[in-house]
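Protein chains: 2
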Amino acid sequence: MRVEIVAVGTELLLGQIPDTNSQWLGEQLAAHGIASQFHQHVGDNHERILLVFRTALARSDAVIVCGGLGPTQDDITRAALAEVMNVPLERHEEIVEQIRSMFSSRGRSMPENNLLQADVPRGATIIPQTRGTAPGLICAVGQKVVYAVPGVPYEMTDMFERAILPDLVARQAAAGTTSVITSRVLRTWGASESALAEAVAPRFDELVDDDRVTIAFLASGIEGIKVRLTARGDDASHATSLLVHEESLVRALIEERLGDIIFGVDDQTMEDVIAAQLLERDLTLAVAESVTGGLIASRLVGVVGASKWFRGGVVSYASEVKFDLLKVPVGPVVSAVAAEAMASGVRALLHADVGLSVTGVAGPEEQDGQPAGTVFVGLSFGETLQHAALRLPGDRPLVRAYSAISSLDVLRRALIASS
Amino acid sequence: MRVEIVAVGTELLLGQIPDTNSQWLGEQLAAHGIASQFHQHVGDNHERILLVFRTALARSDAVIVCGGLGPTQDDITRAALAEVMNVPLERHEEIVEQIRSMFSSRGRSMPENNLLQADVPRGATIIPQTRGTAPGLICAVGQKVVYAVPGVPYEMTDMFERAILPDLVARQAAAGTTSVITSRVLRTWGASESALAEAVAPRFDELVDDDRVTIAFLASGIEGIKVRLTARGDDASHATSLLVHEESLVRALIEERLGDIIFGVDDQTMEDVIAAQLLERDLTLAVAESVTGGLIASRLVGVVGASKWFRGGVVSYASEVKFDLLKVPVGPVVSAVAAEAMASGVRALLHADVGLSVTGVAGPEEQDGQPAGTVFVGLSFGETLQHAALRLPGDRPLVRAYSAISSLDVLRRALIASS
């Protein structure tokens, strides 16, 4: 099963936006054992889109097209698809109704050109929208298939998971490719990629002649480094047993060399892990943020059900807010003393069981004689008041993002240590 | 002059790294009035690289190939190029010497496989390295040309500027086509893509037969919709005058039909615009957030120099924090009354000139009988206390992100109205 990804949009050719869709799709396909051998970008031009579709269909079994399905004059993927399929476009009344009702439910009138999105090549299967207006399409072209999805990432990812991936997996099974691939991601925070690679090196050496199991490192910036384990078995239970065995070996190597740096697996975020701990122990949390300016609180609120354990926070950006509201002693605000006072201050102010705080210098300028990247995390929990001093790399947005996840990791480790 | 960009590397297909090279090259080519009409990604496989090269040479005048020039087994761009040119590879002794001396100058011994980098297709012109070991290549294929450069970004950009761009410009001049492209992005919030397209439709119709100016819409999710204007002129001043004229026409059409929805241009964010307004008028801001949980504050703190106008915020997630700290009257917390009280409460608590607040239901569950997506924004500014009631689409992360930018837009409009 050879899959090609085509991203449509002049803005990609002009370099105005990065093509994150092809990267995401390539990663997802690989994780499910499906090869993407070619990617193409093409602009909003009918003849060139046709040429790209025909090139892709000549060399691949399935083509995923992202973009060009919107309601405007430069959205021409539908028409090009109809031409490749050699069928007319037909307006679907049920899609018309969905688009109309979406607009009316928001109390807005619908511009007529939205109805272009209800035009579908005859014979195509529709992937219904759940998040926007343009439906996706599954178009058979001879024995091959073209999937068309909107270029908006969250609409694209939804349709891929809901419709395209199951269809591809079914086609692969029908083609008699029977091995099953399963994978697991170990998520780490606090070690470099090379340190991780060194820790796992003994297992790498053992796997040189084994093509059933692979280990890959994926540096994921502010979310740490992911270690992806993939196992290929004759059936699901075989693949799972290979994977479980591999995970225990790799975990042991990492924990022996680097300690407790694996914070979660697969899609678990740092805040998911913390939420589960707090909920289980019936603890509430409050945060005081300076350098992160609300990033920590907004990550925590992102967890469904956060109201059960999250009280809230104070973004004490101006120094006087730290002094007045959080009772921080007047003095340098990028300091261990200030971090600890912020943590106990916000815990008391918001009547929480745990107070977490962070203060630091995001840059580009230094502050109080401290260089950009200097960060102090404070934690007030039970009878203990503690802090961690960090030096973080990167520019202003990176220092802030690293500060947020580093602070959460301080809390995670304290919760584990006290349990 | 039609240029195609080919990025070689299995890691691109697997989504392990983003293809920043194609984006950068596309942007550079556009800035110099050279059209890049197609991009391709291909893995480290000889047959597939050949296929991609032949496809590119069939439809484009020049091809820029990034990657696959290094010293390891999977670096096979040189061999594929020789095959497309139908010539043998020849080892260049001067390149051998350069690579040897580079290693010895760093006091390192040279692994033998580095000499592969001295193999060059017969007849190719060499682009000398200044930053690494693998030289670039300029390869004539009939009347067309293939440029091959390393995939390492700083080696690629150096060779592009030093050798490829001058060569392309010379070829374009020889072909008698010289033009300069310039562009501007108008950033909007609060109208649908289709409403924007309808507003601009009269101008679209006038431009049907004009290939000097283009208008494109770019739905950018939580950052609104961008309208990109591009003008192609005989020289820089001609292109600029076309663009300035186009911007005034398009702005007038949008503002007439949709009001003040253009909040910024090019890279300006909503918070940049607000920051400039507050700074100019010497006003300070405080925010109270519930549904957004710190997203608004964290966007504001992202602006360099925010400490000049941002006091801080309260993330009043638990209802009692709203009642106790912000003096919100006890009652339903997803309401206009609560939003207004939060805005005046945080303004007073943090001694700011302006108080902005947001409360709502992010979902998935409803709250106080209000469905997910119900959001109230409060604003306390001067003598006025006001609110806006919104119904936002999407799942939990989207409702929160839309709430954040919608709240900032309420503030932006109030600042404009009062100035």
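Protein chains in written order, with my numbering: chain D, 361 to 779; chain B, 361 to 779.
Even glycine gets a Cβ: it sits at the ideal position worked out from N, Cα and C.
Once you ignore the five residues that flank residue i on each side, which residues in its own chain have a CB closer than 7 angstroms to its CB?
{"i": "V456/B", "result": "L475 and A478"}
{"i": "L602/D", "result": "R572, V573, A591 and G593"}
{"i": "R544/B", "result": "L589, L603, E607, V625 and D626"}
{"i": "L609/D", "result": "R563"}
{"i": "T490/D", "result": "D518"}
{"i": "A701/D", "result": "L686, K687, V688 and P689"}
{"i": "A579/B", "result": "E553 and I585"}
{"i": "R617/B", "result": "A559"}
{"i": "V412/D", "result": "V366, Q400 and V402"}
{"i": "Y514/D", "result": "R491"}
{"i": "S704/B", "result": "G715, S740 and L745"}
Could you name the residues of chain B that residue i contacts, counting a contact when the two beta carbons are closer than 9 angstroms?
{"i": "Y514/D", "result": "G581, G754, D755, P757 and L758"}
{"i": "L411/D", "result": "F398 and R419"}
{"i": "P724/D", "result": "V664"}
{"i": "T437/D", "result": "Going along chain B, no residue has its Cβ under 9 angstroms from T437/D, so there is no contact; the nearest lies around 14 angstroms."}
{"i": "E607/D", "result": "Those do not exist, as E607/D stays about 21 angstroms from chain B at its closest Cβ, beyond 9 angstroms."}
If distances are taken between C-alpha atoms only, which option among the options comes closest to residue i?
{"i": "D642/D", "options": "S766/D, A712/D, L441/D and F736/D", "result": "A712/D"}
{"i": "I436/D", "options": "M462/D, R460/D, G715/D and R408/D", "result": "R408/D"}
{"i": "L429/B", "options": "L417/B, V480/B and F463/B", "result": "V480/B"}
{"i": "I487/D", "options": "R419/D, F413/D, I524/D and V633/D", "result": "I524/D"}
{"i": "R547/D", "options": "R563/D, G393/D and D632/D", "result": "D632/D"}
{"i": "H605/D", "options": "S778/D, A749/D, I575/D and I582/D", "result": "I575/D"}
{"i": "Q376/D", "options": "Q376/B, W384/B, L373/B and T370/B", "result": "W384/B"}
{"i": "G738/D", "options": "R522/D, I394/D and E649/D", "result": "E649/D"}
{"i": "I424/D", "options": "M516/D, G393/D, R482/D and E454/D", "result": "M516/D"}
{"i": "S779/B", "options": "G502/B, S420/B, L497/B and E640/B", "result": "E640/B"}
{"i": "T629/D", "options": "L374/D, T415/D, V664/D and T370/D", "result": "V664/D"}
{"i": "F577/B", "options": "V721/B, I614/B, D570/B and T600/B", "result": "I614/B"}
{"i": "L710/D", "options": "V681/B, P378/B and D565/B", "result": "V681/B"}
Can you give me the C-alpha to C-alpha distance between residue i and residue j, rounded to a whole angstrom?
{"i": "R671/D", "j": "L638/B", "result": "30 angstroms"}
{"i": "V661/B", "j": "T380/B", "result": "27 angstroms"}
{"i": "V368/B", "j": "D404/B", "result": "7 angstroms"}
{"i": "L556/D", "j": "F736/D", "result": "26 angstroms"}
{"i": "H598/D", "j": "T542/D", "result": "10 angstroms"}
{"i": "L410/D", "j": "S763/D", "result": "48 angstroms"}
{"i": "E472/D", "j": "L758/B", "result": "26 angstroms"}
{"i": "Q746/B", "j": "V697/B", "result": "10 angstroms"}
{"i": "F683/B", "j": "A699/B", "result": "12 angstroms"}
{"i": "R760/B", "j": "P724/D", "result": "29 angstroms"}
{"i": "I765/B", "j": "E726/B", "result": "22 angstroms"}
{"i": "A442/B", "j": "S465/B", "result": "31 angstroms"}
Using a C-beta to C-beta distance shorter than 8 angstroms, which residues of chain B count as neighbours of residue i?
{"i": "F683/D", "result": "Chain B residues near F683/D: none, gap ~12 angstroms exceeds 8 angstroms."}
{"i": "V381/D", "result": "Before going further, note that residue 381/D is Asn rather than Val in the sequence given. Near N381/D there are no residues of chain B at all, since even the closest Cβ is about 10 angstroms away, more than 8 angstroms."}
{"i": "D434/D", "result": "A576 and F577"}
{"i": "V674/D", "result": "G672, G673, V674 and V675"}
Just to make sure I have the definition right: I need the residues of chain B whose C-beta is within less than 7 angstroms of the C-beta of residue i. Which are they?
{"i": "F670/D", "result": "Y677"}
{"i": "L578/D", "result": "Q376"}
In its own chain, which residues sit with a C-beta less than 6 angstroms from the C-beta of residue i, not counting the 5 before and 5 after it?
{"i": "A596/D", "result": "V540"}
With hydrogens ignored, establish whether the beta-carbon of residue i is closer than 7 angstroms to any heavy atom of the ligand HEM.
{"i": "Q730/B", "result": "The ligand HEM is not among the ligands present in this structure, which contains no ligands whatsoever."}
Does the Cβ-Cβ distance between residue i and residue j come in under 8 angstroms?
{"i": "V718/D", "j": "S676/D", "result": "no"}
{"i": "G733/B", "j": "R751/B", "result": "yes"}
{"i": "L449/D", "j": "A439/D", "result": "yes"}
{"i": "S740/D", "j": "R772/D", "result": "no"}
{"i": "E387/B", "j": "P431/D", "result": "no"}
{"i": "A422/D", "j": "V505/D", "result": "yes"}
{"i": "C426/B", "j": "G511/B", "result": "yes"}
{"i": "G673/B", "j": "G467/D", "result": "no"}
{"i": "V363/D", "j": "F398/B", "result": "no"}
{"i": "Q400/B", "j": "V366/B", "result": "yes"}
{"i": "D769/D", "j": "G550/D", "result": "yes"}
{"i": "L716/B", "j": "V647/B", "result": "yes"}
{"i": "F520/B", "j": "V529/B", "result": "no"}
Check the Cβ of residue i against every Cβ in chain D and list those closer than 9 angstroms, keeping chain order.
{"i": "V402/B", "result": "Q397, F398 and H399"}
{"i": "A440/B", "result": "Near A440/B there are no residues of chain D at all, since even the closest Cβ is about 15 angstroms away, more than 9 angstroms."}
{"i": "D620/B", "result": "Going along chain D, no residue has its Cβ under 9 angstroms from D620/B, so there is no contact; the nearest lies around 18 angstroms."}
Who are the neighbours of residue i on chain D, taking C-beta pairs under 7 angstroms?
{"i": "T415/B", "result": "T415"}
{"i": "E558/B", "result": "P471 and N473"}
{"i": "L710/B", "result": "V681"}
Could you tell me which chain D residues have their CB closer than 8 angstroms to the CB of residue i, listed as they occur along the chain?
{"i": "W384/B", "result": "G375"}
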